[in-house]
Amino acid sequence: MKPSWPELGVKLAVGAGFRLPDLSGLADGVVPGPQREGRTESVHYDTPDLRLARWGLSLRHRRGEGWTLGFPPNAHQPLARHRTQRFEGSPRTPPAAALSLLRAYLRGAEVRPAASLSILRRQVLLTGPEGQELAEVIDDEVSVLEGRRVASRFREVEIEVREGGEVLLPSLLARLQEAGAFPADGVPAHLRALGPAAQEPPELTGVALPPSPTGTDLVRSAISSGVASILKHDIGIRLGGDPEDVHQARVATRRLRSNLRTFQPLLQEEWATGLRDELGWLADQLGSVRDAEVLRDRLREEAKGLLEADARPSDGLLRRLDEDVERARERLLTTLDEQRYVDLLNRLVEAAAQPAVTEDAALPAGEVLPPQVRKPWRKLRSAARALRPDSPDEELHHTRILAKRARYAAEAAAPAVGSEAERFAKVAAGLQTVLGEHQDAVIAQGWLRANAGGGRRAFVAGQLFGREADRAAASRADWPRAWKRLNQKKLRAWLPA
Numbered sequence: 029m030k031p032s033w034p035e036l037g038v039k040l041a042v043g044a045g046f047r048l049p050d051l052s053g054l055a056d057g058v059v060p061g062p063q064r065e066g067r068t069e070s071v072h073y074d075t076p077d078l079r080l081a082r083w084g085l086s087l088r089h090r091r092g093e094g095w096t097l098g099f100p101p102n103a104h105q106p107l108a109r110h111r112t113q114r115f116e117g118s119p120r121t122p123p124a125a126a127l128s129l130l131r132a133y134l135r136g137a138e139v140r141p142a143a144s145l146s147i148l149r150r151q152v153l154l155t156g157p158e159g160q161e162l163a164e165v166i167d168d169e170v171s172v173l174e175g176r177r178v179a180s181r182f183r184e185v186e187i188e189v190r191e192g193g194e195v196l197l198p199s200l201l202a203r204l205q206e207a208g209a210f211p212a213d214g215v216p217a218h219l220r221a222l223g224p225a226a227q228e229p230p231e232l233t234g235v236a237l238p239p240s241p242t243g244t245d246l247v248r249s250a251i252s253s254g255v256a257s258i259l260k261h262d263i264g265i266r267l268g269g270d271p272e273d274v275h276q277a278r279v280a281t282r283r284l285r286s287n288l289r290t291f292q293p294l295l296q297e298e299w300a301t302g303l304r305d306e307l308g309w310l311a312d313q314l315g316s317v318r319d320a321e322v323l324r325d326r327l328r329e330e331a332k333g334l335l336e337a338d339a340r341p342s343d344g345l346l347r348r349l350d351e352d353v354e355r356a357r358e359r360l361l362t363t364l365d366e367q368r369y370v371d372l373l374n375r376l377v378e379a380a381a382q383p384a385v386t387e388d389a390a391l392p393a394g395e396v397l398p399p400q401v402r403k404p405w406r407k408l409r410s411a412a413r414a415l416r417p418d419s420p421d422e423e424l425h426h427t428r429i430l431a432k433r434a435r436y437a438a439e440a441a442a443p444a445v446g447s448e449a450e451r452f453a454k455v456a457a458g459l460q461t462v463l464g465e466h467q468d469a470v471i472a473q474g475w476l477r478a479n480a481g482g483g484r485r486a487f488v489a490g491q492l493f494g495r496e497a498d499r500a501a502a503s504r505a506d507w508p509r510a511w512k513r514l515n516q517k518k519l520r521a522w523l524p525a
């Protein structure tokens, strides 16, 4: 399954007497089709606590269209309004495939009809010079039904822009506003129908930190942020198509584990250890996919620099990486369907609301956290000082891990400590990046050595191996400069001696 093109949409409010204006002449070659009119009914499904709506999700069955799951875009799709996935199935029972995509949000909760809408729809499709669909203007008169009774009515106009039609949006808005449309409150139709409870925050919300947060405040904030990131990327992981979903979920999982380590004196040991162990299990599954994707994309990019005569052998060699990614992805999807994963999510949601803290967690975070950052910093400093120009690759990799831990620890403390911790984390991230590039090159060399085969393919693998060896050597030469930037007294002045 692949999600449809993320739509760019704008909603406008209109009065009872509004009429769609003539939409011709918006741009050269853009032609409005005839106005179509029809009535349809839709039923929106949700949990008793309206969990899907509160997370910005929607699951509906609409007559003539079937089932549609709507979910928010990724952060790197800022212009997209939502993503959609359609399913076939009985109008009375949500499709199992849709419920599977919602598994991380539902976590066993029942889904049932929550709102019924009857919609009188008028729509005009705008096409380009080559007949391509650019945008659609939709005028909906919505009746919210309670049984056969109309409980309320409202009307809205929506502009849905297809790929390539973004340039039409300003002129479309101007034309509709001239006809009497005005900015809407941005609340989707089904949320209006579901009532105020559907617009309440989800069970995981950003914790508003006071000017002087306690340790408990930071623990709750860090856990809530991390778990929310895992949930928000779960659907995208299941659908595939965007490597960022796996990447961001892995980052969130690793950061949660690191934060539990940083906050260790503030947490009950058995509780925190149990969570860290389960997060490690999930991080391993996400990491298998991410590492395979990074290696594949890295070597494919490197192969673009080969001679044309070597293109076919390189395709055959690197096709194995596609197989590696697919196998790792199959294992990950199996993991996401396990009850163990659901149980972990439930534990994390509970942890965000009520972490098992010690008495020290009531103290100001600015006092109790800097010593916890000092610990990973000292380990990093010791490892970096021990490195030599000819140190084994494994030692550089270990130093990278320690740099990442020091960075995450500083980032965890930053809300309480301020800009000093932020600067430290930023410079530590630079060291982590340089050492990470070295490790990526080492992993690539190892894979090429193991999969070179014979003949022309071995020759191509040798060329790629040489390029990776050069990249590893460059990173080995660069890391001391990155370490020098981090190993400055002024950067760690906020850490206790």
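Residues 29 to 525 (my numbering) are what the sequence shown spells out, left to right.
Idealized CB from N, CA, C, for every residue including glycine.
Computed from a predicted structure; not experimentally measured.
CB-CB under 7 Å to residue i, same chain, minus the five flanking residues each way: which ones, in chain order?
| i | result |
| --- | --- |
| L219 | A81, A226 and Q227 |
| R326 | D468 and A472 |
| R495 | E330 |
| L242 | Reading the sequence as shown, one finds Thr at residue 242 and not Leu. For T242, where only same-chain residues beyond five positions count, the Cβ hits under 7 Å are A389, A390, L391, P392 and A393. |
| G474 | none |
| H89 | S70, V71, W95 and P119 |
| R451 | L519 |
On the DSSP bridge list, what partners appear for residue i?
| i | result |
| --- | --- |
| F13 | Here the chain comprises residues numbered 29 to 525, so residue 13 is not present and cannot be evaluated. |
| Q28 | Here the chain covers residues 29 to 525 and nothing more, so residue 28 does not appear. |
| R3 | The chain is shown from 29 up to 525; residue 3 falls before or after that span and cannot be answered. |
| F210 | A41 |
| P60 | L154 |
| P392 | T242 |
| H426 | According to DSSP, which records beta bridges pairwise, H426 is partnered with nothing at all. |
| I187 | V38 and V165 |
| F182 | V170 |
| H72 | R88 and A143 |
| V385 | L295 |
| R177 | E174 |
| G94 | R90 |
Using a Cβ-Cβ cut-off of 8 Å (strictly less than) and excluding sequence neighbours within five positions of residue i, which residues of its own chain qualify?
| i | result |
| --- | --- |
| G308 | R285 |
| P293 | T386, D388, V396 and Q400 |
Sorted by chain position, which residues of the same chain lie with C-beta nearer than 6 Å to residue i's C-beta, five sequence neighbours on each side aside?
| i | result |
| --- | --- |
| R513 | V455 |
| I147 | T68, D168 and V170 |
| W507 | V462 and L463 |
| L154 | V58, P60, L162 and A163 |
| D245 | L237 |
| A300 | L288 |
| P31 | Here P31 scores only 45 on pLDDT, less than 50, and its place in the model should not be relied on; the value that follows carries that caveat. Contacts found: R111, Q113 and L267. |
| F291 | V247 |
| A434 | P404, W405, L408 and A456 |
| D352 | A320 |
| R181 | S171 |
With H, G and I counted as helix, E and B as strand and the rest as coil, what does DSSP make of residue i?
| i | result |
| --- | --- |
| P141 | strand |
| R220 | helix |
| S503 | helix |
| D371 | helix |
| R282 | helix |
| S171 | strand |
| D325 | helix |
| S252 | helix |
| A521 | coil |
| K30 | With a pLDDT of 45 at K30, under the threshold of 50, the modelled position of this residue cannot be trusted; read the value that follows with caution. Coil. |
| V235 | coil |
| A510 | helix |
| E366 | coil |
| G193 | coil |
| A591 | Missing from the structure shown is residue 591; the chain here goes from 29 to 525 and no further. |
| S419 | coil |
| D77 | coil |
| L87 | strand |
| L130 | coil |
| L345 | helix |
| R47 | coil |
| A55 | coil |
Within 6 Å: the Cβ of residue i and any heavy atom of the ligand MG?
| i | result |
| --- | --- |
| E297 | The ligand MG is absent from the structure shown, which contains no ligands of any kind. |
My assumption, with CB atoms under 8 Å, is that residue i sits in contact with residue j. Please give the rounded CB distance.
| i | j | result |
| --- | --- | --- |
| N374 | R135 | 6 Å |
| A440 | L408 | Actually they do not touch by this definition, with Cβ atoms about 15 Å apart. |
| V377 | V255 | 6 Å |
| T281 | A250 | That belief does not hold up - the Cβ atoms of T281 and A250 are roughly 13 Å apart, past 8 Å. |
| L87 | H110 | With 8 Å as the limit, L87 and H110 do not qualify as a contact, their Cβ atoms being about 13 Å apart. |
| F210 | A41 | 6 Å |
| R318 | H275 | 6 Å |
Exercise for the section: Give a yes or no on contact between the stretch 386–398 and the stretch 441–454, applying the rule of three or more CB pairs nearer than 8 Å. Expected result: yes
Exercise for the section: Flag this pair as touching only if the stretch 345–362 and the stretch 478–495 have three or more C-beta atom pairs under 8 Å; answer yes or no. Expected result: yes
Exercise for the section: Check whether the stretch 199–213 touches the stretch 41–50, counting contact only when three or more Cβ pairs, one atom from each stretch, lie closer than 8 Å. Expected result: yes
Exercise for the section: Report yes or no: do the stretch 85–103 and the stretch 117–133 share at least 3 C-beta pairs separated by less than 8 Å? Expected result: yes
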